[in-house]
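According to the numbering used here, the sequence shown is numbered sequentially starting from 46. Built from N, CA and C at the ideal position, the CB exists for glycine as well. This report refers to the structure that appears directly beneath it.
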Amino acid sequence: MDIVLCDASPNDRAGMLDIFNHYVSNSFATYTDEPVGLARFESLMSFASGWPAVTAKRGDGKLAGFGLLRPYSTIPSFCGTSELSCFIAPEFTGMGIGAAILDRLEAGARSMGLSTIVATVSSLNDGSIRFHSSHGYIECGRLREVGIRQGMPFDVVFLQKTLQAAFLTKPT
């Protein structure tokens, strides 16, 4: 199956929302319990202009997945750090699409001069923790039982990948 990676556009948001809402309803991959509308989805994803956002599409244009980076914080001290979100349509998992999206996002982060990518994952989402770990992300922290989803308490697991040496001085 041919999959093409493209820069995400606002026209992709409805398809991205469909994938996201699948995981809201069928997994622990999101922190929300109820499917969301487009405005709430855009708020949750915090799309940031000039930051990498990628879609994976089949030849017929159907969205197979998406990923994006956004600023970890607006505080200038964290200017070299980004936060990652990535979701693959269920019928396309296990095909290397997530890895391809991640590679593209990491390349984009490097070209921006970013040093670190952070992912926050529910402790109930073993698949995502394994995926990130197999791609060089290490668990660097955990907030214990800070959330409840479908009546089950969960930890927020912080996973981190260092791309390049952190800035020693603020970039000019």
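Hey, residue i and residue j: beta-carbon distance below 8 Å or not?
i    : j    : result
S173 : A101 : no
V163 : T126 : yes
D57  : L89  : no
Using the DSSP secondary-structure output, state which residues sit across from residue i in a beta bridge.
i    : result
F199 : G192
A84  : Note: A84 sits in no beta bridge, so no partner.
T207 : T161
P116 : S127
G153 : According to DSSP, which records beta bridges pairwise, G153 is partnered with nothing at all.
For residue i, I'd like the list of residues in its chain whose CB is within less than 6 Å of its CB, leaving aside the five on either flank, ordered along the chain.
i    : result
P216 : With a pLDDT of 46 at P216, under the threshold of 50, the modelled position of this residue cannot be trusted, and the question is left open.
D47  : G104
A59  : none
M61  : F111
R189 : D200
G153 : P97
Let me check understanding here. Comparing Cα to Cα, which of the options lies closest to residue i?
i    : options                 : result
H180 : L89, T207, T77 and G110 : T207
Apart from the five residues just before and just after residue i, which ones in its own chain have a Cβ nearer than 7 Å to its Cβ?
i    : result
Y117 : F123, T126, S127, E128 and V163
P55  : none
Near residue i, what residues of its chain come up, given a Cβ to Cβ distance below 8 Å and the 5 sequence neighbours on each side ignored?
i    : result
R194 : F73, Y76, D78, S167 and L169
Examine the Cβ distances between the segment 182 to 197 and the segment 155 to 170 and report whether three or more of them are shorter than 8 Å. Judged by pairs of C-beta atoms under 8 Å, the segment 182 to 197 touches the segment 155 to 170, as three or more such pairs exist.
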